[in-house]
Structure formats: structure tokens, C-alpha cells
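Each residue of the sequence shown is one higher than the one before, counting from 1236 in this note's numbering. Even for Gly, the Cβ is constructed at its ideal location relative to N, Cα and C.
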Amino acid sequence: MIARLLFAATCFLVTGSGVAQTSAPDPATLYVVVFQATVNASGRAGQIELSRVIDTRPGATAPMASFIPDQYTAAARTMLLQRTYPTDSKQLLVYTFYDPAQPGRVDISPAASRP
């Protein structure tokens, strides 16, 4: 009985540490942070909610657990609320890029860093 409990506890720890490793951000990767925005008649976003996080590494297809810091989410909402959006849709998906090496920066443009 004790051997079974030890075996079960070991399996739990091994699989739990694997999940923790796969959901941690890779500091060398940019992540796409998708927000759902509700747009009013004047083209301003009234509400912006975090929708999902996308890993941009080749071959990464699994949805990411949300590891985005609250500070980044708040700063991204502030930036996105200042923009004007098309009024032909009430709901839009808008995105920003998250760099784990620069967690306080919401204005990252991957195209700007290319030579």
C-alpha cells in the first residue's frame, strides 16, 4: 500500500513539473497576446479583455496558459483604449506582442527589429 502511494506521488510530481515547464515563458520568444475589444459607434474600445496567448515558435500549436503579468495586461489595455477602430464590427480581436525579457513594454514591433 505504501509503495503504491509513493509511486503515485512520484508520478504526480514528475507530470506536474513537466506541465510547469511547458507553461513557463521562453525569454527568447515573442508571444502574441490577443484581446477581445468591444467597439462603440465612435470607433473607441469600451471594454478590452484578455482572450488568449499564442506561442510564435515554429511547431508550437498548443494553447498557452496565461502567464502574462497583470502589469503588462493593464498597460496593454491602456494603449489599446487610446486607439480608434473600425465601426463596422462591435467585437474585434486586437493583439500586442509580449517579450518576457521586457515585461513592461507593450509597444513591441517584431518587424522593427529585423535588419
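Residue range of the unbroken beta strand (DSSP E) whose run includes residue i
| i | result |
| --- | --- |
| Leu1265 | From DSSP, Leu1265 is part of no beta strand (DSSP E); its letter is neither H nor E. |
Cβ separation of residue i and residue j, assumed to be a contact under 8 Å, to the nearest whole Å
| i | j | result |
| --- | --- | --- |
| Val1329 | Ala1272 | 5 Å |
| Leu1285 | Ser1301 | 7 Å |
| Pro1338 | Pro1304 | 6 Å |
| Ile1289 | Val1274 | Actually they are not in contact, since the Cβ atoms of Ile1289 and Val1274 sit about 22 Å apart, beyond 8 Å. |
| Pro1179 | Arg1312 | No information on residue 1179 is available, as it lies outside the stretch 1236 to 1350 that the chain covers here. |
CB contact flag (residue i, residue j, <8 Å)
| i | j | result |
| --- | --- | --- |
| Arg1292 | Thr1331 | no |
| Leu1315 | Ile1283 | yes |
| Gly1281 | Thr1322 | no |
| Tyr1307 | Val1341 | yes |
Three-state class that DSSP yields for residue i in the structure shown
| i | result |
| --- | --- |
| Ala1346 | helix |
| Phe1247 | For Phe1247, the predicted structure reports a pLDDT of 39, less than 50, and the residue's modelled location is therefore unreliable. The matter cannot be settled from this model. |
In chain order, which continuous runs of the beta strand (DSSP E) of length 3 or greater are located wholly inside the segment 1263-1344? 1266-1274, 1280-1290, 1326-1333
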